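Enquirer:
In the working numbering, the protein residues as written are -19 to 136.
1. List the endpoints of the continuous beta strand (DSSP E) containing residue 75.
2. Just how far apart, CA to CA, sit residue 106 and residue 55?
3. Considering only the beta carbon of each residue, do residue 66 and residue -1 sit closer than 9 angstroms?
4. When DSSP labels each residue in this structure, what does residue 57 get in the three-state scheme?
5. Can you grab the Cα-Cα spacing for the pair residue 113 / residue 40, in whole Å?
6. Taking the CB atoms as reference points, tell me whether residue 64 and residue 89 lie closer together than 9 angstroms.
7. In whole angstroms, give me the CA-to-CA distance for residue -17 and residue 37.
8. From the DSSP output, in three-state form, read off residue 33 for me.
9. Quick check: the Cα distance between residue -13 and residue 5, rounded to an integer number of angstroms?
10. How about residue 100 and residue 116: do their beta carbons lie closer than 9 angstroms?
11. Could you tell me if residue 74 is buried or exposed, where buried requires 16 or more neighbouring beta carbons within 10 angstroms of its beta carbon?
12. Taking 8 angstroms as the cut-off, does the region 23 to 34 touch the region 44 to 58 (at least 3 CB pairs, one atom from each stretch)?
13. Kindly indicate which three-state DSSP category residue -16 falls into: helix, strand or coil?
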């Protein structure tokens, strides 16, 4: 699974948030022409009706995924970059909001998962510790071919 973490630090909700994720990869056409093209990645959930705190976006890497069997990170990566775009409606300002981020192959951590950044206060309310936003830990006991992939921010 390719996992991406989004955070809403605005203090208000983004309504009807929609996200798209694409991978830029090299390909050789049947005619032998080398080209670079974007492949759309099917997401477990691409819509969030009320994006308030955080959102973990996931793409399952299976036989139907363009990432299946490809090297995702390191100098010999077949993935040039992962492009993420999110749109939604900011009800406070009655405006459409946009966000975009690009992850290069050196930003991808294979075999890692995100650290949990949500906890409860004594009164039961949830709180997000954004200092842990980019933190990942290696998966223990997971074969590398089944390990989740967690992109890390590239200067964001």
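Heads up, the beta-carbon is just placed ideally off N, CA and C, and yes, glycines get one too. Given the structure is predicted, the values throughout are model-derived calculations rather than measurements.
Expert: Let me spell this out:
1. In the chain shown, counting from the first residue as 1, residue 75 sits at position 95. It spans 75 to 84 - the beta strand (DSSP E) in which residue 75 sits, taken as one unbroken run.
2. The count along the chain shown starts at 1 and reaches residue 106 at position 126. The count along the chain shown starts at 1 and reaches residue 55 at position 75. Those two C-alpha atoms are separated by around 40 angstroms.
3. Looking up residue 66 in the chain shown gives position 86. Looking up residue -1 in the chain shown gives position 19. Contact: yes.
4. Your numbering for residue 57 matches position 77 in the chain shown. In the displayed model, residue 57 falls within coil according to three-state DSSP, outside both helix and strand.
5. Locating residue 113 in the chain shown gives position 133, counting from the first residue. Locating residue 40 in the chain shown gives position 60, counting from the first residue. Whole-angstrom Cα-Cα distance: 21 angstroms.
6. Translated into positions along the chain shown, residue 64 becomes position 84. Translated into positions along the chain shown, residue 89 becomes position 109. Not a contact, by the Cβ cut-off of 9 angstroms.
7. Counted from its first residue, the chain shown places residue -17 at position 3. Counted from its first residue, the chain shown places residue 37 at position 57. Taking the Cα positions, residue -17 is about 6 angstroms away from residue 37.
8. Here residue 33 refers to the residue found at position 53 of the chain shown. Residue state for residue 33 is assigned as coil, using DSSP reduced to three classes.
9. Taking the first residue of the chain shown as position 1, residue -13 is located at position 7. Taking the first residue of the chain shown as position 1, residue 5 is located at position 25. If you take the alpha carbons of residue -13 and residue 5, they lie about 27 angstroms apart.
10. As a first step, residue 100 is located in the chain shown; it is residue number 120 there, counting from the start. As a first step, residue 116 is located in the chain shown; it is residue number 136 there, counting from the start. Against a cut-off of 9 angstroms, the Cβ pair of residue 116 and residue 100 comes out as no contact.
11. Mapped onto the chain shown, residue 74 falls at position 94. Classification of residue 74: exposed, given that the 10 Å Cβ count is below 16.
12. The region 44 to 58 vs the region 23 to 34: no contact.
13. Numbered from 1 along the chain shown, position 4 holds the residue referred to as residue -16. Residue -16 carries a strand assignment under DSSP once its states are collapsed to helix, strand and coil.
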